[in-house]
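In case it helps, this note's numbering puts the sequence shown at residues 765 to 1193.
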Amino acid sequence: MVTVGIGAALPRVFLTMSQPSVPRILRPRRAAPADAVRPTRAEINLEALRHNLRVARRHAAGAQVWAVLKADAYGHGAPAVARTLERARVDGFCVALLEEGIELREAGIVAPILVMGAHGGTTGAAAEMLERGLTPVVHDLGEVAELARIVRAGAAPGPVDVHLKVDTGMARLGVTMGELPATAAGLAEFPEVRIRGLLTHLACADAPDPAVTLEALARFDNATGVLASHGIKPEVRHAANSAAMLRGLGRLDLVRPGIALFGVAPRAGGVSLSGELQPVMRVRTEIVALRDLEPGATTGYGATWTAARRTRLATIPIGYADGLSRRLGNRGQVLVHGRRAPIVGAVSMDMTMVDVTDIERASLRDEVVVLGSQDPIAWRDSSVRPVGQSVSVPAPSIDADEIAAAEGTIPWEVLTSISRRVPRFYREP
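Right under this line is the structure:
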């Protein structure tokens, strides 16, 4: 196994048209592997990522696959993930923010990139999007008008291709069904803008009963008809997120898998929608301190945990500033020597304490896995394995679903919470 560290260069600054000397966006750099001092890191398995893309392609059933890489590719590091997927011939990418699209372009990505979030029709954002070769998703006529103005001013060639979003029940962004006839008529005023795509977002694709999703898709078909009656016939239509794709709902011309690409299968009624996906991220650290506590002693801020016996306590250098939620205090677990060790006391900003009393040979510098699996060949204490158990058995693991259940949240939040100060190491077989 070869481990390669990639320090992603994030966007520099881009300027508005009206204020050419005023910086608009400046983002901090990610912690680079070469600069890492503490042992806390996230390891990204690129072969698992490619495997999940192959799974997505099968479920897409001939539709194009556009990978959703918003929120820094769900915490996995968007530039490296995008390069891997582009080499694997993914059809395109979707991001939420203009800044995310810029980051991919500056990382050398040439595949189509769809910017799905609202940019508010501002001149600077719209002009930058066109300059970078990004495809805007428009949600109202104001955004269309601003794009048309840029073309008319000669600042960009036209017509500009965009995707139009319609609201079929999410009530977040998009033209509502009631507004759609007037919007369709108004588009005729802006020949500089071409509606190449039509999309919606499915609010309940992971609900046990698909009825709500089927109703939303029926509205989407109606929206297609309304546009067609005004002479607008988008070349591509898309609606399916990970859950819809895995259920075979709304695959249309392209699908937009996000979290499925990173090895987490959405659930419908508590049942996983796929058993094929492989986790892509593993978060590991090491024990940096050990101490023995007598019965009655406490640990951590607020003294929320009290030792009921003589306890061996390990300190690990990871905390809520790294993405290990405070909600895991006194309820989460980690892996040490292939065995589970409970998190005790409050999770601090930079450090966390775990009870390793039952792991007799736990020592300084031992690996601790917070998310993902711990390879059995790394277990240095053979006595912790059941008698007769070989190293070929499945590795013990703590997945994002388990952590989310302990936190009272969803796997999406678990993955995207791993902060930028945790360096990402990219692994190839």
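A virtual CB, placed ideally from N, CA and C, is assigned to each residue, including glycine.
Cβ-Cβ separation, residue j to residue i (assumed contact under 8 Å), whole Å
{"i": "A1078", "j": "V1118", "result": "5 Å"}
{"i": "V1098", "j": "A1126", "result": "11 Å between Cβ atoms; not a contact."}
{"i": "P974", "j": "R1011", "result": "7 Å"}
{"i": "V908", "j": "V957", "result": "5 Å"}
{"i": "R1076", "j": "V1108", "result": "In fact, because the Cβ distance is near 11 Å, the residues do not count as touching under 8 Å."}
Buried or exposed (CB count within 10 angstroms, at least 16 for buried), residue i
{"i": "Y1084", "result": "buried"}
{"i": "K997", "result": "exposed"}
{"i": "L833", "result": "buried"}
{"i": "Y838", "result": "buried"}
{"i": "E953", "result": "exposed"}
{"i": "T1063", "result": "buried"}
{"i": "V1035", "result": "exposed"}
{"i": "V1047", "result": "buried"}
{"i": "G1022", "result": "buried"}
{"i": "E999", "result": "exposed"}
{"i": "P1059", "result": "exposed"}
{"i": "V1028", "result": "buried"}
{"i": "P843", "result": "buried"}
{"i": "S993", "result": "exposed"}
Reduced DSSP secondary structure (H/G/I, E/B, other) of residue i
{"i": "N1235", "result": "Because the chain spans 765 through 1193 in this model, residue 1235 falls outside it and cannot be assessed."}
{"i": "Y838", "result": "helix"}
{"i": "V908", "result": "helix"}
{"i": "L849", "result": "helix"}
{"i": "Y1065", "result": "helix"}
{"i": "V901", "result": "strand"}
{"i": "S993", "result": "helix"}
{"i": "P1106", "result": "strand"}
{"i": "A1078", "result": "strand"}
From the options, residue whose alpha carbon lies closest to that of residue i
{"i": "T932", "options": "E943, F954 and L966", "result": "L966"}
{"i": "T899", "options": "G872, G961, L991 and P797", "result": "G961"}
{"i": "D855", "options": "I873, I866, H883 and H840", "result": "I873"}
{"i": "W830", "options": "V859, H840, H815 and A1032", "result": "V859"}
{"i": "A934", "options": "L963, T1180 and I1182", "result": "Contrary to the premise, residue 934 reads as Met rather than Ala in this sequence. Of L963, T1180 and I1182, the residue nearest in Cα terms is L963."}
{"i": "A987", "options": "G918, W1069, K929 and T1121", "result": "K929"}
{"i": "T1116", "options": "T977, I1080 and L1016", "result": "I1080"}
CA-to-CA distance, residue j to residue i, given in whole angstroms
{"i": "L981", "j": "E864", "result": "28 Å"}
{"i": "T940", "j": "G826", "result": "29 Å"}
{"i": "I959", "j": "A1004", "result": "19 Å"}
{"i": "E1050", "j": "L862", "result": "37 Å"}
{"i": "I1174", "j": "P921", "result": "43 Å"}
{"i": "L1088", "j": "A812", "result": "23 Å"}
{"i": "S1006", "j": "R1020", "result": "7 Å"}
{"i": "H840", "j": "R1188", "result": "7 Å"}
{"i": "D925", "j": "A969", "result": "28 Å"}
{"i": "R1015", "j": "H823", "result": "9 Å"}
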